[in-house]
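Per our numbering, the very first residue in the sequence shown carries number 1; after that it's consecutive. All residues carry an ideal CB built from backbone N, CA and C; glycine is no exception. A short worksheet on the structure shown next.
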Amino acid sequence: SKAALNMMTKSLAHVLGPEIRINSVAPGMIQTRWLKEGLQDEAYEKMLQQAQKQLPLKEVATAEDVAESLVWFLEGAKLVTGEILIVDSGIHLGILPGYSRGDD
């Protein structure tokens, strides 16, 4: 479960520091070929449009977005450990399914 992985990240960071930094990335909905192949084209596009309306950043993440987050941990976060970086365009902030912010 996510809670177990989050606690493991924090525990390992505490035990293995300072020699090893432990962080994790928690992606939300990701645009992938696998997701697209599971739906018909029209249903996939409709799902993306609906998600984009609900997300605070109005963009569904790609695999490249998640990879860039990992690179940041590797190259630019030398004093960061025990963190869970959420890459989900802000959906974790509590936007409810079916909710639209009204600025279509």
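| query | result |
| --- | --- |
| Residue 39 and residue 47: beta carbons closer than 8 Å? | yes |
| Return the Cβ separation of residue 24 and residue 91 in integer angstroms, given the expectation that the two are a contact with Cβ distance under 8 Å. | The pair is not a contact, with the Cβ atoms about 18 Å apart (cut-off 8 Å). |
| When you compare each of 35, 70 and 57 to residue 93 by their alpha carbons, which one comes out closest? | 57 |
| Following the continuous alpha helix (DSSP H) through residue 71, name the residue where it begins and the one where it ends. | 63–75 |
| Among the candidates 73, 31, 22 and 20, whose CA atom is the shortest distance from the CA of residue 62? | 31 |
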